[in-house]
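Asker: Taken in sequence, the protein lines are chains F and D. All the letters of the first sequence, read from the start, carry residue numbers 203 to 537 under my numbering. All the letters of the second sequence, read from the start, carry residue numbers 203 to 537 under my numbering. Where a beta carbon is used, it is the ideal one built from N, C-alpha and C, also for glycine.
Number of protein chains: 2
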Amino acid sequence: MSKVKVAINGYGTIGKRVADAVSLQDDMEIVGVSKTRPNFEASIAVDKGYAVYAPAEKVDSMKKGGISAAGTVEDMVESADIVVDCTPGGIGEKNKPLYEKAGVKAIWQGGEDHELAGVSFNASANYEEALGEDFVRVVSCNTTGLSRVIYPVDQEYGVKKVRVTLMRRAADPNDVKKGPINAIVPNPITLPSHHGPDIKTVMPHIDIATTAVKLPTTLMHVHTVNMELEKDCSTDDVKELFEKQSRIMLIEKGIGSTAEIMELGRDLGRPRGDMWENCVWKDSVTMYEGELYFFQGIHQESIVIPDNVDAIRAMMELESDGAKSIAKTNKTMGI
Amino acid sequence: MSKVKVAINGYGTIGKRVADAVSLQDDMEIVGVSKTRPNFEASIAVDKGYAVYAPAEKVDSMKKGGISAAGTVEDMVESADIVVDCTPGGIGEKNKPLYEKAGVKAIWQGGEDHELAGVSFNASANYEEALGEDFVRVVSCNTTGLSRVIYPVDQEYGVKKVRVTLMRRAADPNDVKKGPINAIVPNPITLPSHHGPDIKTVMPHIDIATTAVKLPTTLMHVHTVNMELEKDCSTDDVKELFEKQSRIMLIEKGIGSTAEIMELGRDLGRPRGDMWENCVWKDSVTMYEGELYFFQGIHQESIVIPDNVDAIRAMMELESDGAKSIAKTNKTMGI
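1) With distance defined between alpha-carbon atoms, name the residue in F:327, F:289, F:325 and F:328 nearest to residue 311 of chain F.
2) Can you give me the start and stop residues for the beta strand (DSSP E) that residue 495 of chain D sits inside?
3) Given that residue 367 of chain D touches chain F, what residues does it touch there, using C-beta distances under 7 Å?
4) May I have the straight-line CA-CA distance separating residue 437 of chain D from residue 354 of chain D, to the nearest angstrom?
5) Mind listing the chain B neighbours of residue 535 of chain F? Cutoff is C-beta to C-beta under 9 Å, in chain order.
6) Please tell me whether residue 206 of chain F and residue 277 of chain F are closer than 9 Å, where the distance is taken between their beta carbons.
7) Below 8 Å on C-beta distance, what does residue 458 of chain F contact in chain D?
8) Quick one: which unbroken alpha helix (DSSP H) runs of 4-plus residues sit fully inside the stretch 314–372 of chain D? Chain order, please.
9) Give the residues from the stretch 214–226 of chain F that approach chain D closer than 7 Å (Cβ to any Cβ), ordered along the chain.
10) So that I know if they touch, is there some Cβ in chain F lying closer than 9 Å to that of residue 359 of chain D?
11) Over the uninterrupted beta strand (DSSP E) stretch that includes residue 490 of chain D, give me the two end residues.
12) Cα separation between residue 208 of chain F and residue 255 of chain F?
13) Quick check on this structure: which residue in F:336, F:294 and F:356 has the alpha carbon closest to the alpha carbon of residue 444 of chain F?
14) Measure the alpha-carbon distance for residue 248 of chain F versus residue 241 of chain D and round it to whole angstroms.
15) Can you confirm whether the stretch 354–373 of chain D touches the stretch 396–409 of chain D when touching is taken to mean that 3 or more C-beta pairs between the two stretches lie within less than 8 Å?
16) Quick check on this structure: which residue in F:537, F:457 and F:261 has the alpha carbon closest to the alpha carbon of residue 273 of chain F?
17) Considering only the alpha carbon of each residue, which of D:370, D:425, D:328 and D:413 lies closest to residue 509 of chain D?
18) Tell me the residue span of the alpha helix (DSSP H) that contains residue 398 of chain F.
19) Spell out whether any CB of chain F is found under 9 Å from the CB atom of residue 438 of chain D.
20) Determine, for residue 478 of chain D, whether the minimum Cβ-Cβ distance to residues of chain F falls below 9 Å.
21) What number of angstroms, rounded off, separates the C-alpha of residue 413 of chain D from the C-alpha of residue 371 of chain D?
22) At the level of alpha carbons, what is the spacing between residue 485 of chain F and residue 253 of chain D?
23) Where does residue 430 of chain D sit, in a helix, a strand or coil, going by DSSP?
24) Rounded to whole angstroms, what's the CA-CA distance from residue 387 of chain D to residue 345 of chain F? Just pull it up for me.
25) Rounded to the nearest angstrom, what separates residue 300 of chain F and residue 467 of chain F at their Cα positions?
26) Would a C-beta distance cut-off of 9 Å place residue 478 of chain D and residue 452 of chain D closer than the cut-off?
27) As an exercise, report each continuous alpha helix (DSSP H) stretch of at least 4 residues that is fully enclosed by the stretch 431–483 of chain D, in chain order.
28) Report the option in D:439, D:320 and D:379 whose CA atom is closest to the CA atom of residue 307 of chain D.
29) Can you list the residues of chain F that residue 483 of chain D reaches, using a CB-CB cut of under 7 Å?
30) If the cut is a Cβ gap below 9 Å, which residues of chain F does residue 422 of chain D touch?
31) Considering only C-alpha positions, which residue in the set D:524, D:500, D:239 and D:528 is nearest to residue 385 of chain F?
32) Please classify residue 521 of chain D: is it buried, with 16 or more other beta-carbons within 10 angstroms of its beta-carbon, or exposed?
33) Could you tell me whether the Cβ of residue 322 of chain F comes closer than 9 Å to any Cβ of chain D?
34) Check the Cβ of residue 497 of chain F against every Cβ in chain D and list those closer than 8 Å, keeping chain order.
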């Protein structure tokens, strides 16, 4: 069987990770990645053996910077079966005509609106909705993290209402331009935040209210999650349920902060120190006065990566069973 | 009428502010403040005209450091009608025998246990409980901030349940020893946190669940507050209710973060830039699906100061009506 040809449009924080994860699969391969600037990431892409493409108007400046483009982004798209668009939020939308013209399938990230793709995807919650689809949006890191915990709890106990405070890292570790460096920023100030409705693009029946702040940290988001459930259950029931989920890691053994979770990722030898799983603090999982509470850490740079791989598999109909795709992706990535 | 004689045991972040606030009142005066080290704060206390006392074993080292103590802490306590103990959490407890021996009243801060004093105090919520009492504990900054919003909402609409995420500044601005500098620290990891039960020391009938994290910021705490209410009300009803509370400030006009609130405090000419009020973001106040949500900023260094002044007035029976004490304290401090 020939491998599915995958192009990565936008080789940044998410794009470079998706490229590496796709390369680990036996049913898909990277045919090219696109960059707009000849920076260290472009050099490393070349060193890794990826064909680096550039927008037509950037081919010259890339060459001056020492990167000989394999062709234009249009060339790359033409050579692919499916494009994973990892351009910055709002830019991806503008690329849709390009993909339509070339007749290729496309995946966008959570920075784009649901309506652009029509299907919002989380591998654990709604794999089957992406089967054979041409356009799919893999939801954001926060929505991915919430989907992975809400879905199994809803399946097992029924979710009556979810309330979440999203404490967001304000900038990624490599981003030296953004703040704050010493403040808490309610964002948005008007409540509830847009994160709740985004969950409904994956699971429309979930009743959820979210509030969000930006914080002076770069490592991970942290969610405080509160759920009212339909059925009775115990703290241990929920811990056992989470333990069974392959993309939830229960955090214990003295790990008390997001910094220590990131150190765990490095000590585990993960590429770039990534933590692809929801990191749920085991001791925080508590049924209190009939309601579920817990803390989880979300590694914003990497949590959506396995879901991007699964989305490719669903859209290309390489695998009709979500559980099997998840198992395959997990095994290859080391989850 | 002679003024009530107030001693401040522990002239640090809280103690120096209480001393200044007491000095503004016409019914009480500072008879002394205590320091253990001859640092810049001790020098400024002397410059301000406060009699600076020291523990007997520290009198010599204070003198070597250029501060001639007016006497020992025991001397200071003997000269007072009431002591405001602003020593670090856990230390205040050890001073109780000293106050009992001298036959003086004492106020402790929120770092001590409720049981030490027997009465936990917030001027807005339970002024009358401190009337004539010998020992009172002014609750912590977080509990003060929550009491001030829960009490009026409970009076007006009945509070069925409160859920709060406390996002705590990890260290005060002058504290260079504590972290984290780049992490989110769930603290405590086990849920719910101790903050909920602390509210019950002021308002025992309130059903509340709290979660808390420590953050890499020094300026203020931020609470996301969710309340289920007994009676129907609108977003505007709650905004109007909060507007009527003299120790709640509705934050608007482009103030989007704790950093900008602190800048407001400085621009208002407040001593040390303090914000003694709960800082509730006006646009965040929302009734959503029948539940109340809002964000509030809590200036941990100063929010309890007016309540300490009111506690003195209640314990010394200078004023039996809490509203009148609050009005007097507010007027003198400029709230």
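Answerer: Walking through what the data contain:
1) The shortest Cα separation from residue 311 of chain F among F:327, F:289, F:325 and F:328 belongs to F:289.
2) 493–500
3) 367 and 426
4) 15 Å
5) The structure shown contains no chain B; the protein chains it does contain are F and D.
6) no
7) 387, 388, 389 and 391
8) 316–319, 325–328 and 343–359
9) none
10) no
11) 488–490
12) 13 Å
13) Of F:336, F:294 and F:356, the residue nearest in Cα terms is F:356.
14) Each residue's Cα considered, the two are about 59 Å apart.
15) yes
16) Here the closest residue by C-alpha is F:261.
17) D:328
18) Note, residue 398 of chain F: alpha helix (DSSP H), 397–404.
19) Judged by the 9 Å Cβ criterion, residue 438 of chain D is not in contact with chain F.
20) no
21) Whole-angstrom Cα-Cα distance: 14 Å.
22) 49 Å
23) strand
24) 21 Å
25) 37 Å
26) no
27) 437–446 and 460–469
28) Of the listed residues, the one whose Cα sits closest to residue 307 of chain D is D:320.
29) 388 and 391
30) 385 and 386
31) D:500
32) Around the beta-carbon of residue 521 of chain D, 16 or more other beta-carbon atoms lie within 10 Å, marking it buried.
33) no
34) 388, 391, 393, 413 and 415
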